[in-house]
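Beneath this line is the structure, given in structure tokens, with notes to follow.
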Amino acid sequence: MKADEEFIEKFRKAYLEEFGEEISREEAYDNFFSLVDVLRIILRPLPKQGENHDNPQLTGATEVVH
80 MKADEEFIEK FRKAYLEEFG EEISREEAYD NFFSLVDVLR IILRPLPKQG ENHDNPQLTG
140 ATEVVH
């Protein structure tokens, strides 16, 4: 079993335990990798002040004032 398949099966099991609903492997795959994409965005380091203002991924983001 490949690593991705193991993660998908663990995700399916966790989903079943949390929501009481079994999902297909395809749905688990889509949901798992969507979650991974969101986590990559959330966990990405914030740019230092004055950097990456032209980064299209940050368009619409508000600047945090300390």
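Under our numbering, the first residue of the sequence shown carries the number 80, and numbering increases by one thereafter.
Even glycine gets a Cβ: it sits at the ideal position worked out from N, Cα and C.
Check	Outcome
Drop a sphere of 10 angstroms on the beta-carbon of F98, count the other beta-carbons inside from all chains shown, and report buried for 16 or more, exposed for fewer.	exposed
Do you know how far the Cα of L122 is from the Cα of Q128?	18 Å
Are the Cβ atoms of A107 and I120 separated by less than 8 Å?	no
By Cβ distance, which residues of its chain are closer than 6 Å to E101, with the 5 residues on each side in sequence left out?	L95
Do you know offhand how far F112's Cα is from P124's?	20 Å
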